[in-house]
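With the working numbering as the guide, the letters of the sequence shown map in order to residues 19 to 174. One structure is given below, encoded as structure tokens.
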Amino acid sequence: MSAQELVKLCTRKKRTIASCESLTAGLFSAEIASVPGASKVLKGGIITYFTEIKEKVVGVEAEVISKYGVVSKECADQMAQKTRELLESDYCVSFTGNAGPDTMEKKPAGLVYCSIASKKGVKNFKLFLDHKSRNEVRKEAVEIMIQNLIQEITKE
């Protein structure tokens, strides 16, 4: 499944998507935007590489970050939920994790948390993409979440 399939599906179902990206740094949005017709479905994306941007721009609660860390399900959930509300999209996918090569917050390289927020709630995905380069982790996370987003939209 591909970005092209996602854009076609969203166009057919008249659904909009958005992203909140930390470790992928805009890779998801760039992948979607590379498809002709993406402007009909991609509302926008926010890159929250710095923790303070997650808090100040998106509204991730400081308590969530201090309790669970930025590499966590809880952070990914709030990133998706709050960005969906901010950009008024039907769906929002978020990416946070450790692309490596070093550990971060005592969490291993290759650990990625992604969430999909919709009006029905938030669904979280925990990915272990170890033994890969930084860019392989980032690309694989995007590919997996494009597939997951297609599945979620297809189910509605």
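Just so you know, even glycine gets a beta-carbon here, dropped at the ideal spot from N, CA and C.
Express the C-alpha separation of residue j and residue i in angstroms, rounding to a whole number.
i, j, result
"residue 105", "residue 75", "12 Å"
"residue 91", "residue 53", "29 Å"
"residue 66", "residue 128", "18 Å"
"residue 51", "residue 21", "9 Å"
"residue 174", "residue 135", "13 Å"
"residue 148", "residue 28", "31 Å"
"residue 167", "residue 142", "11 Å"
Give the secondary structure of residue i by DSSP, where H, G and I count as helix, E and B as strand, and everything else as coil.
i, result
"residue 174", "coil"
"residue 103", "helix"
What do you get for residue i, buried or exposed, if any count of 16 or more other CB atoms within 10 angstroms of its CB means buried?
i, result
"residue 118", "buried"
"residue 120", "exposed"
"residue 113", "buried"
"residue 47", "buried"
"residue 151", "exposed"
"residue 115", "buried"
"residue 169", "exposed"
"residue 63", "buried"
"residue 61", "buried"
"residue 80", "exposed"
Pull up the DSSP beta-bridge partners for residue i, would you.
i, result
"residue 35", "60 and 109"
Under 8 Å between C-beta atoms, does residue i make it to chain D?
i, result
"residue 74", "In summary, chain D is missing from the structure at hand, where a single protein chain is found."
Next item on the list: For the segment 38-101, list the beta strand (DSSP E) runs that are entirely contained and at least 3 residues long, ordered along the chain.
Entry: 60-65
Note to self: What ranges does the beta strand (DSSP E) occupy inside the segment 104-150, keeping only unbroken runs of at least 3 residues that lie completely in it?
What the structure shows: 109-115, 129-136 and 139-146
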